[in-house]
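Notes follow the structure.
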Amino acid sequence: MQLWEHHAVWRGLGRGQPVKLLISRQSAGNNGVFLKFLVVLTVCLAILSCQAKKSEYPPLTIAGSTSVEPFAEKLAEVFMKEHPGVLINVQGGGSSAGIYACRQGACQLGASSRELVESEKELIEIPIAWDGIAIIVHPSNPLKNLTLKELRQIFLGALKNWQDLGWGPQAIHVITREEGSGTRETFEHIVMEKKEITPGALVQDSNGSVREIVAADPYALGYISVGLVDDRVKALSIDGVAPTPENIQSKRYQLARRFLLVSRSEPTGLAKKFIDFILSPPGQRLLTLEGLVAVR
Amino acid sequence: MHKEKFIEKVLFLLALSSITSLALITVFIFMEGLPLVLHTGLRNFILSSHWAPTRGYFGILAMIISSVLVTLGAMILGVPLGLACAIVLAEFSPPRLTFILKPTLELLAGIPSVVYGFLGVIWLVPLIRVYLGGPGLSLLAASLILGIMVLPTIISISIDALVAVPDMYRQGSIALGATQWQTVQRVVLPAAHSGIITAIILGMGRAIGETMAVIMVAGNALKIPTSILDPVRTLTSNIALELGYATGLHREALFATGIVLFIIIMILNLSATLLTRRR
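In order, the protein sequences belong to chains V and Y.
For what it's worth, the working numbering labels the leading residue of the first sequence as 1, then goes sequentially.
For what it's worth, the working numbering labels the leading residue of the second sequence as 297, then goes sequentially.
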């Protein structure tokens, strides 16, 4: 049974059809109830699994960056609602894994939150959005700007006190993401120069909880996707450049990256339709609403 | 009668499946995790606190220490509170009060751990940050939350142990002129001690295995804590935090963390079982 057929089964259960059947069987209550129970269950599953819709296109699989994944899922969700019957599978695995899978032909589209390296240049890249990583502090923090070097020192654990940055004598509560996170990977790549983030840093497993802590703790400092910055936290400028959409797009803001979809050959069929949708005004607006910076 | 036998067999198979799944889980965890332990060596795995899986360092000493400290903290809060509660409910309180209190305490066990964690983040962590300093997300916060979470386990098993003490003991003691407190302290508690220790050990198992609430309030930093206000990462949080993205050796290292946790909990549960048997 294929993956999407499972969904069909569960959707069916949600509608309550098989459940009703089972209850009526149970109330009959005799010794053979177990056998009948099993038979009914099997029949239900069989019937429901045949209900999966057939589409004119074979299903599209997108694999790769876990940073792109939530946005791709959102786009796929909207796209599938507008085109009933088509199926788009979005999988994680990481940028490199996605690019590799695409080159091997294991999936039609790969998703990447990093630029392609020289050996991968044979792939066709389709930039779908810009994302920046914002360094955030509590709104009561008087600091407005950090140099990239200071930022590195803070995350190395060498710069420990707000006093060194011209504020009160309070320890800096550094917050990072968990090992393996795409945002952390980009942050380490741009800021850390291959050095390790201090083990004293607090670790949170989502952009949201990093923001939650910074919003509550006056002495905290963390990094999140620019799109998720709101008025409860303050985003700092890096080397005097604020993380605005324009600065991210022009790469003047250093902690910026592109989200790419990659393909082995010029995309056709469902893949082309989906990419056209992403790059269309509604698709780009959706990404902007989700907190990214549009490419068009 | 033919049918009877058939049903019996089906039920037996179903019962067996639960044990099989336990065995399979055990085998799976060890199969996935052991290669890494052999690869890095037990020393580098258990006695190093350098955890940087994407760079090839897999030391979990800091997490073992943190797990132990958090559990210890939880016990320091949970055991006196739980025991006091159990003694009141089993020995002193009027039936009407017991009637209200016991279901309330059982309700405490039904609250999902994420809710405890949420309360901790919203309410306890800011209190610690403002009044005691540090980032608030800390060893102390995790211990306090877990101390409350283990109460239902400790209380209900302790009550069972206290109630199981024959009434003759109490009557005999009071007939000799002891007060009620003297009776509880010198007669009932010693008679119920193995049950109470079991309650404490099972509470420890609950504390060391708790994940969600701890991730939310402990701060998850990787260094060995030097004060109760330092953020810590426990063994369970480590697995839950990183499993989402982990591949290759990193993934194996998380399973190996699971092995350590598995062994600790097995030891706790076995000792609890042995203690109850001896009674």
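Cβ atoms here follow ideal geometry from the backbone N, Cα and C, with glycine treated the same way.
Here the structure is a predicted model, which is why all the values come from computation and not from measurement.
Three CB pairs or more closer than 8 Å across the region 82-92 of chain V and the region 134-145 of chain V: no
Beta-carbon proximity list for Ile535/Y, same chain, < 7 Å, skipping 5 on both sides: Leu550, Thr553 and Gly554
In whole angstroms, what separates the C-alpha of Leu146/V from that of Gly240/V? 7 Å
According to DSSP, Val528/Y sits in a beta bridge with which residue or residues? Gly515/Y
Compare the C-alpha of Arg201/V against each of Leu165/V, Glu56/V and Ala158/V and name the closest. The question names Arg, but residue 201/V in the sequence shown is Ala. Closest option to Ala201/V, Cα to Cα, is Ala158/V.
Please list, in chain order, the chain V residues whose beta carbon lies closer than 9 Å to that of Ser335/Y. Checking the sequence, you will find His at residue 335/Y rather than Ser. Those do not exist, as His335/Y stays about 18 Å from chain V at its closest Cβ, beyond 9 Å.
Rounded to the nearest angstrom, what separates Val308/Y and Cys381/Y at their Cα positions? Val is not the amino acid found at residue 308/Y; the sequence shown has Phe there. Their backbone Cα atoms lie some 40 Å apart in a straight line.
Pull up the DSSP beta-bridge partners for Gly355/Y, would you. DSSP lists no partner for Gly355/Y.
Do Ala503/Y and Thr316/Y have their beta-carbon atoms positioned less than 9 Å apart in this structure? no
Pair within 9 Å by beta-carbon distance, Phe259/V and Ser65/V: yes
Assigned exposure category for Asp307/V - 16 Cβ within 10 Å defines buried: Nothing about residue 307/V can be reported from this structure: the residues present for chain V run from 1 to 296 only.
Taking Tyr223/V as part of the alpha helix (DSSP H), name the residues at either end of that continuous run. Where Tyr223/V is concerned, there is no enclosing alpha helix (DSSP H), although the beta strand (DSSP E) it sits in stretches over Ala220 to Ser225.
Going along chain Y, which residues have a C-beta under 9 Å from Gln104/V? Simply none; closest approach about 16 Å.
Three-way DSSP call (helix, strand, coil) for Leu261/V in this model: strand
DSSP puts Leu146/V in a beta bridge; with which residues? Ile238/V
Can you check whether the C-beta of Asp231/V is within less than 9 Å of a C-beta belonging to chain Y? no
Identify every residue that forms a DSSP beta bridge with Gln91/V. Ala63/V
Is it buried or exposed, Ile560/Y, if we count other Cβ atoms within 10 angstroms and call 16 or more buried? buried
First and last residue of the beta strand (DSSP E) that includes Ala111/V? Leu109 to Ser112
Assign Ser263/V to buried or exposed, taking buried as 16 or more other Cβ atoms, counted over all protein chains shown, within 10 Å of its Cβ. buried
Run down chain V in chain order and give the residues with a C-beta less than 8 Å from the C-beta of Glu538/Y. Glu178, Glu179 and Gly180
Pro70/V versus chain Y: which residues are under 7 Å apart at the beta carbon? Within chain Y, no residue comes near Pro70/V; the closest Cβ sits about 12 Å away, beyond 7 Å.
Quick one: Cα of Val364/Y to Cα of Ser237/V, how far? 41 Å
From the DSSP output, in three-state form, read off Lys430/Y for me. At residue 430/Y the sequence reads Gly, which differs from the Lys that was named. If DSSP states are grouped into helix, strand and coil, Gly430/Y belongs with coil.
Cβ separation of Ile497/Y and Leu435/Y, assumed to be a contact under 8 Å, to the nearest whole Å: Ile497/Y to Leu435/Y, Cβ: 22 Å. No contact.
Could you work out which residue in Leu472/Y, Asn340/Y and Ser362/Y is closest to Phe354/Y when comparing CA atoms only? Asn340/Y
What is the rounded straight-line gap between the Cα of Leu255/V and the Cα of Leu537/Y? 24 Å
Might you give, ordered along the chain, the residues of its own chain that have their beta carbon closer than 6 Å to the beta carbon of Gln284/V, omitting 5 neighbours on each side? Ala294 and Arg296
From this set, Ser313/Y, Pro349/Y and Met512/Y, which residue's C-alpha is nearest Thr336/Y's C-alpha? Pro349/Y
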